[in-house]
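Here is the structure we will look at, set down as structure tokens.
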Amino acid sequence: MKLAKSFPLFSASVTLGQARARVAAVLAAAGKEPAALESRLLLEDATGLTSLDFVIRADETLGDPQAARLLISLERRLRDEPISRILGHNDFYGLDLIVTRDVLDPRADTEMLVDRALAFLRERRLSRPKILDLGTGSGAILCAVLHATPQAFGLGVDLSPAACEVAAKNLDRCGLASRSSIICGCWADAISGCFDLIVANPPYIARPETAALAPEVVRHDPALALFGGEDGLDCYRLLARDFGRLLAKGGAIFLEIGARQAASVVEILSSEGFRDAAVFKDHGGRDRVVTVRNI
Ligand code: GLN
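Taking UniProt numbering, I'd label the letters of the sequence shown as residues 1 to 295.
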């Protein structure tokens, strides 16, 4: 193994605690931060042990099969594969969701959209709200909203059959299968009916921004989930055409956007008759969500 030769990380009788420190050092030297956290996650994955085990059993020796597994994961991480894809799951809004190569890795920034959507649902106090997630991917937004809203029913749509499979598994994993459906299709083409809440995190990266993307994103998130045409706005234009027929009276739409897209997305929505849009910033102070209501 290449890495094993270049870093004598796990020579005979390395302890769990030493392995963890060495992996963290290798990750930090490669600029993979937070290195200590990533090291802990890789060690737990390779050994099947918990964080608590690492505290009370830190002096135990790392076994050979575990060391081999750890090296493979570490090599993948050093080749820029995100930690969630190596582990095969990620936390989103407190839920542990499956992540595969077919879906966008759920981002912490998107949790803000969920916060806003849940605040809207709480304010509306509907007895059985209907929710539509367009371009659901892993199903992260739908899982989070349904999980926090016990009476709600949710429909997720995605163009990718493989993503639909992941979304269905995640809904099932969260105990939400009986209150949800996943449909494979192009945006709202196959959807009829009215929804109280419509959410979407469409692909919105503009073509000229591709070069600035981190390798973790450009090489590992599916292109279908990232790129929204020359100006990144193609999907908003497509989606907006259907909002009028899909949004129930009193309902609201929450769209994730790129940091410089608020004015354009507000304009697109306004050209479809949705005025009084509001824009919310993420924790980094960047515009992240546009919302409109059907008053
Ligand atoms: N927020 C993601 C990123 O900037 C992009 C996701 C998307 O296009 N919807 O990496």
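Idealized CB from N, CA, C, for every residue including glycine.
- Distance from the C-beta of L134 to the nearest heavy atom of the ligand GLN is not below 6 Å.
- Between V199 and A277, the C-beta spacing is not below 7 Å.
- Taking a C-beta distance under 7 Å as the contact criterion, F153 and R179 qualify as a contact pair.
- Nearest in C-alpha terms to L238, of all of C194, A30, L134, is L134.
- Approximately 7 Å separates the beta-carbon atoms of E230 and A206; this is inside 8 Å, confirming the contact.
- Relative to the ligand GLN, the nearest heavy atom lies less than 6 Å away from the CB of V217.
- Secondary structure of E60 (DSSP, three-state): coil.
- At a threshold of 6 Å, L226 counts as near the ligand GLN, since its beta carbon sits closer than that to one of the ligand's heavy atoms.
- About 6 Å separates the Cβ atoms of F195 and L247, confirming a contact at the 8 Å cut-off.
- Close CB contacts of A36 within its chain, under the 7 Å cut and outside five residues either way in sequence, are with A24 (chain order).
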